[in-house]
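Novice: Here you go, one structure.
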Amino acid sequence: MDADRGQGPTSRLYRIRVEGTLDPSWSPRLSGLRISPADHAEGGAASVLEGILADRASLIGVLNAIHDMNMELLSVETLKAGTKSSHTPSKGADHDGP
């Protein structure tokens, strides 16, 4: 599912943080969530995945994919529609993405 599609009755906006650098080319495997780099609170690199997921099954699919990729899950947040990105981008991060 593309993260930019409209919201259904069970869809939610999520922000998922993982440890390490995750290339944006993984977005299709992660339900089309937007991937951006961020600084890890404990130092080092982290990645933030944001977007709309249709339902809990979609969320579980993303979490399973993160597990299968051997990435450490740092946090999962449900956001209200219209929430602006509040993660701290890493230094030198490209901000011209979609």
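End of the sequence shown sits at 1153 in my numbering; the numbers just go up one at a time, nothing left out.
Just so it is clear, CB atoms sit at the ideal spot from N, CA and C, and this is done for glycine as well.
Given the structure is predicted, the values throughout are model-derived calculations rather than measurements.
Taking ASP1078 as the reference, which of TYR1069, ARG1070 and LEU1088 has the closest Cα?
Specialist: LEU1088
Novice: Name, in chain order, the residues that DSSP records as bridge partners for ARG1072.
Specialist: Paired residues: VAL1103 and SER1130.
Novice: By DSSP's criteria, ILE1121 is part of a beta bridge. Which residues make up the other side?
Specialist: The partner list for ILE1121 (beta bridge, DSSP) is empty, contrary to what the question assumes.
Novice: Return the CA-CA distance between HIS1122 and GLY1075, expressed in angstroms with no decimal places.
Specialist: 13 angstroms
Novice: I'd like to check one pair, ARG1067 with LEU1114: are the Cβ atoms closer than 9 angstroms?
Specialist: yes
Novice: What residues in its chain sit with their C-beta under 7 angstroms from that of LEU1085, if we drop five residues either side in the sequence?
Specialist: LEU1104, VAL1117 and ALA1120
Novice: Considering only the alpha carbon of each residue, which of GLY1106, GLU1097 and ALA1096 lies closest to ILE1090?
Specialist: Of all alpha-carbon atoms in GLY1106, GLU1097 and ALA1096, the one lying nearest the alpha-carbon of ILE1090 is that of GLY1106.
Novice: Where does ALA1136 land, buried or exposed, given buried means 16+ other C-beta within 10 angstroms?
Specialist: Exposed is the call here.
Novice: Can you tell which of ASP1110, LEU1129 and PRO1083 has its C-alpha closest to the C-alpha of THR1065?
Specialist: ASP1110
Novice: Report the CB separation of TYR1069 from LEU1129 in whole angstroms; it is logged as a contact under 8 angstroms.
Specialist: With 8 angstroms as the limit, TYR1069 and LEU1129 do not qualify as a contact, their Cβ atoms being about 13 angstroms apart.
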